[in-house]
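A short worksheet on the structure shown next.
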Amino acid sequence: MDRQMSMHKSSAVNFTSFSAIDDEYSSSGSYGDPEDDFGTENFAFSPGRTESQEFTVDLAPMFNQHSIPEHLDDNETFTLDIGDHEYSFEQFNCPTTPTIPFRVEPIECVVINVAHLEQFPKPASKYSAKLPSIFAWFDSQTAFPSEYIPAVQQYFKTTYNRIRAHLRFFFSIAPSNERMNNLASIRREVPAGRILFHYIGHGFPTITEKNLWSSEKRSTDFNAFDLSQLFSRLKPPTWFIFDCSNAAAIIPTFIETAKKQPNMNGVDWNDWFCICATDAGETLPSDPRIPRDFLTSCVLSSVKMAIVCHILQHYRVTLVSHTFPLESPCQHLWAERSPESSRLSLALGAITDAIAADSLSPELYHKIFRCDRLSAVLFRHFLLAQFLLRPYKVHPKAYPELPDLSMHKLWHQWSVMIDTAICSVKVPRPLYASDLFARLATSFDQILRNNQLHLVRPYHLTILFHMLFTESTNDKPLFLLAEYAANPKSDPPMLTSATVFHCLIQKVMQKDLKFPVFHSLCYLILALLYHHPTFATEIRKELDVTHFPGLIFSDDMPEETKIVVVALLANLVVTNETFQQICTSVEFLTNVRKALATAKSRRAFWLLLLIRRSFHLFSPEPCDFIGNGLHVQCASYIFHKASSCRAAAVSAITCFLRPFECDVNGQLLFMVLPTAFDASYLVRFHLLLLLKKFVVSFDCCSESINVKTPNFPTDSFSSMMAAFYRRTTFKKENFFTEIDDVVHTSNFIVHAYSVALFVIELFTSDPHTSVSTLAKKILVFVEKQKAAYMANIKNRRSINHVIVDDDDNEQNALTSLDQNESLHQIALRNLIKEQQWKLCEENARMQERMDMTVYSTPQKANTSMNLSSQQTPNTPYTSTNNSSYNTPNSGLSNTSYMSPNSSNVSTPLNKQPKEEKEPKNVKPASPVPIKHISDKFQMNQIYSQQINGITKIAFHNESTGIAFATKNSIYYIDVHGVTSSITCNDITDIKFVRWDEDLRVILVNKHCDVFVWQPPRKYFSSSFRCSMNEPIIAVSENEPYAIYTADKKNTISKWDIRSFSMVNDWNADSQSGMTALVMSPCQPGVCIIGYANGVIRHIKLEQDHVICLDDSLAFKGSSVTQITYSKIDNDTYYALYEDGKIVSWNHQLDNIHILNEEYTSEQLHVFDSHQIYPILLFSPSQSHPYITDTDGKRLYTFDSIDCGTCCAAHQILPIFAFGTTNKNGDGELVVYKLVQDP
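Anchor point for the sequence shown: position 188 equals 188 in the UniProt record's numbering, and the numbering is continuous, going up by one each time.
Okay, here's the thing in structure tokens:
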């Protein structure tokens, strides 16, 4: 392939520059001084530069130039809740630009086929001759033949055009056989669109299964015309109305004809609709006062026909005159432009629509009632025909087949309304439609008030939507629909099926809406878009939406409303061309940048997402974001406390990347690079999408990809960041200056490419599978690129002849990932889940109705226990055997966490007579001897066959919840005995942290990964690499949302679990690596560290350095493997050494004791200390576990527990747990509780 064909057309290229490889990047840098006015010309390519040498502009000066604040308002820390079904981000890779799954072609042409007046049958008797014979609502008995044709044409044109304007009409009055054969010419004149064939049988012989009838010169000698010819010559898409006896006999013929048709390009032979006045073998009613064109009258004059039939059925004696229905006392009810007629018509539309929504499948309902207005009206009035013909035992049929809905209970409401209207001739008439709507709204409101959403039917929602559009001054239906959409017990498919979306959009685009109405309307539309994204395609092009994007900058709008407006705009900008044009303009983007400077977290998130979705198909020109500093403002959010804002910032900057190699891309990469070590996998995934787009921008002819395997320091995250930015130390306070400096270094784009590959390589071992899987795919592509580059070098014959072997399919597959919508879909679900369907001051009633609890809240344990007390603080636990293991002077009572399915239920561990709270620093008066040990309970054997051996145990401090790990799983048993589990391999430690009213289980494995789990979920809330070396983990009582990690390279890192971010990291210089870590319970920021050489140090962690508080404690020759503490005697610490000895000391590093000198020959497997009880727990590798007092005196040996068992002590309650492993490798959890003397 020629080299020129591989280059992008959007840049000027000097091909001779390929020969100057050595200094290809040496001239890249900023353009001019920072104080220059950055005009558009600054960002254009100069004639002699390659794409990779595109000018970059320094970032640091932009803060002053554009008044960008250096510190954001990030006090509002919110985290997107990622549901179990959203954990795999690959499912969002496919483009989510909504497309219409099924489109019904609208009716464009109407063919009317009727007999001539001269062919109408003569009256059967003298009596019937005196009565009017109604056809097209005139008396055919008294009409003149010359008046007939104009009257018929005018009637059909007028009535059809009331439903839809600009229809084309073809009239076949008493058609001949030749005219019927020429129907194919109509399809040639109307090549696109649906043709409606309207047949009225009055005056013709009864149609048969195979034929209808034609005649020559209006004679009564009729000729058969093949129905299959009619079907094939009109060609779908078509509509058929057969208003005659035996009408449904044609449906099987049409179905068979469609099956026999050959496949033709663009013709779907099954795309046809049909309504028939009668079933096969049935005849139309013979009542002379009923119109001869019964179905036609129902379709085109529905209210009038309904009133006529009601009067004939119920008031034939009193209201039917000799000239009825041409003359009637109720003509005002159907007169054109009559208010009464309009109201009845609105009510009829709502009722028929509601009946259909309540009875049909959502797919069929959408197809025939929501795709084309004329088709919807025809089907609605067909339902009316079913109802009106039922007393005559006639059953209209349709295709697609519809059930008989004439007995639906809403028809009773229609009958009452018609009866009320007829009987109110002499007195003031009520608003029939309003009365219907008001009663339904009251009923629906009562359903919501009682939280009985299972009673909601489709017709409720359908009528509420009709009420919303027909009573523009009544806001109640809007609030009811929005409240229903916000309720987690609602039925989204039922709601979307009833929705007329384009009407909602028309309403939200009105400029005079009050904020409460506007807020609820935006929320309702957002909820509908989340559940049915294709609604976005129903916005009509003629609708003026130009004012809507500017509303997000309104100073008068409440903050909550601004959020839903920005979210709505971010949803619609993908599909609406007008929104795209406005949101990608420089003026709009500049306003977005100004809004981001002061926006609160939630609105800032949606503004960032709006930027990303505005450029979902193309990248903006650099002048669009550099000239106004938008990219700098976005990058300032990568240090935001809200992980969602960081992810959105990375996603927004991704869209700024150029589709070819250039320094601007490298600059943008370094603006988001610190998120490589983010604790949120959502942030890392979107960074990886940016890295993917960055490396794909390099083609296989670029010298930049010919780099050696990157090699950066891996001792700590800080050292890696410093190496990335080519500095000795990295400080985020000078972040943008550091970016400017690295951009000006030599071969910057090559360095940026190396950094990108290094980070992608790190991500191949990411704990989140979506991140690691994508990283591996990108590396495969990179390797193929390199192979293609080497092939080009080897086979190059001249500078203008280069072999290019791009794998277009693979590159396109990677490029399609730019459309990953995980962030948007998760955020939209969270916004709907927050249920802010009304402004805050109006949310009180909604909050009272909803049960917002999703997960059970851990119950706090009773901490008011004192070993010197002479009373039993708790109700004794149930014991199955009180005789085993009883000794005169010592004792523990054990209990088990019972399975919910167990019939032998013991008292829960936290079941207490009363709840007495006490400060956490509980200090027992003095150690008290333990008197006796009683039986143990097992866990009802529910895990005996399922657990491959328990390796780690931990208690939740403020409840009796317990977590324990096996080789490949982690389990949690809550206070009610409910067990949750999740897969996780090679767990080395378990911790708990508080999270408002919920708990989080913190796990760390041997691969340096930390996992945050919220039981009973099936996926982790967060997972991240906490170190580049084997880590240890600790939590702090003084900082409930923080965890600390340390590793053998002496790096200590602090992580905020609320924001899923690394707060800081420190390097504690030492000649030996860290092996144990615990945070001081009484001194914030102080940690106690154990080293591999036996040294123990107390260190204070300051902002940017560490302080050693006291002289070190050293027992050289053995490594410190574990450090625990007790709150007895002003905090006592215990260290377990590798050789088995236990050393205790106080917080001042004095009062040092070796507690188990007589047992130091034992190799301890696990050791633990109780925080408020004077008890130490030992589990040797070669003997049974035992407990001692704080002086090391052995109190009891657990002979029934196997050797080398993991164990744990509750930090507040006198509870101890052992995780045993039998000979078969199965595990058993045994829990003991201290029993005090009476």
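Built from N, CA and C at the ideal position, the CB exists for glycine as well.
| task | Less than 8 Å between the CB atoms is what I'm expecting for residue 248 and residue 280, so what's the real figure, rounded? | result | 5 Å
| request: Quick one: grab the DSSP three-state call for residue 342. | output: helix
| task | Mind reading off the beta-carbon distance from residue 143 to residue 117? Whole number of angstroms is fine, and I expect it under 8 Å. | result | 6 Å
| Looking only at its own chain, which residues have a Cβ that is under 6 Å from the Cβ of residue 86, when we skip the five neighbours before and after it? | 826
| request: Please go through the same chain and pick out, in chain order, the residues whose beta-carbon is closer than 6 Å to the beta-carbon of residue 721, but skip the five residues on each side of it. | output: 730
| request: Would you list the one or two residues that DSSP bridges to residue 168? | output: 109
| query | Over what stretch of residues does the beta strand (DSSP E) that includes residue 779 continue unbroken? | reply | Counting along the chain, residue 779 falls outside any beta strand (DSSP E), though it belongs to the alpha helix (DSSP H) covering 769-795.
| Under 8 Å between the Cβ atoms of residue 545 and residue 576? | yes
| Near residue 752, which residues of its chain fall below 6 Å by C-beta distance, leaving aside the five closest residues on each side in sequence? | 666, 669
| query | Can you list the beta strand (DSSP E) stretches of 3 or more residues lying completely in the UniProt domain "Raptor N-terminal CASPase-like" (103-255), in chain order? | reply | 107-114, 168-173, 194-200, 211-215, 222-226, 238-243
| field | Close beta carbons around residue 1091, own chain, < 7 Å, minus the five adjacent residues each side | value | 1070, 1072, 1073, 1074, 1075, 1120
| Residue range of the unbroken alpha helix (DSSP H) whose run includes residue 581 | 577-583
| query | Is the beta carbon of residue 1204 sitting closer than 8 Å to the one on residue 966? | reply | no
| Best match in 732, 1132, 1095 for proximity to residue 1118 [C-alpha to C-alpha] | 1095
| said: Just verifying my parser: in three-state terms, what is the DSSP assignment at residue 1211? | reply: coil
| If you draw a straight line from the C-alpha of residue 622 to the C-alpha of residue 106, how long is it? | 44 Å
| said: the ligand NAD and residue 630: does the residue's C-beta get closer than 7 Å to at least one heavy atom of that ligand? | reply: Ligands are entirely absent from the displayed structure, and the ligand NAD is therefore not among its contents.
| request: Would you tell me roughly how many angstroms separate the C-alpha atoms of residue 309 and residue 372, rounded to the nearest one? | output: 28 Å
| task | Can you grab the Cα-Cα spacing for the pair residue 1194 / residue 1044, in whole Å? | result | 33 Å
| query | Can you tell me whether residue 114 is buried or exposed, with buried defined as 16 or more other CB within 10 angstroms of its CB? | reply | buried
| query | Between residue 998 and residue 351, what straight-line distance do the alpha-carbon atoms span, to the nearest angstrom? | reply | 47 Å
| task | In the DSSP assignment, find the alpha helix (DSSP H) that holds residue 594 and state where it starts and stops. | result | 586-598
| said: Taking its Cβ as the centre, do 16 or more other Cβ atoms sit within 10 Å of residue 375, making it buried, or is it exposed? | reply: buried
| Can we say the segment 682-696 touches the segment 723-743, given the rule of at least three CB pairs closer than 8 Å? | no
| field | Segment limits, beta strand (DSSP E) that includes residue 274 | value | 272-276
| field | Closest residue to residue 304 among 384, 170, 264, 226 (Cα-Cα distance) | value | 384
| field | Best match in 692, 755, 315 for proximity to residue 772 [C-alpha to C-alpha] | value | 692
| said: Between 1093, 1088, 649, 616, which has its C-alpha nearest residue 1106's C-alpha? | reply: 1088
| message | Mapping the DSSP letters down to three states, classify residue 1061 as helix, strand or coil. | response | strand
| query | Is the beta carbon of residue 584 less than 8 Å from the beta carbon of residue 614? | reply | yes
| field | Cα-Cα separation between residue 345 and residue 302, rounded to whole angstroms | value | 8 Å
| task | Alpha carbon to alpha carbon, how far is residue 70 from residue 61? Give it in angstroms, no decimals. | result | 12 Å
| Can you name, in chain order, every residue of its own chain whose Cβ lies under 6 Å from the Cβ of residue 469, other than the five neighbours on each side? | 503
| task | Name, in chain order, the residues that DSSP records as bridge partners for residue 264. | result | 267
| field | Segment limits, beta strand (DSSP E) that includes residue 1013 | value | 1009-1013
| task | Work out the CA separation of residue 559 and residue 403 for me, nearest whole Å. | result | 49 Å
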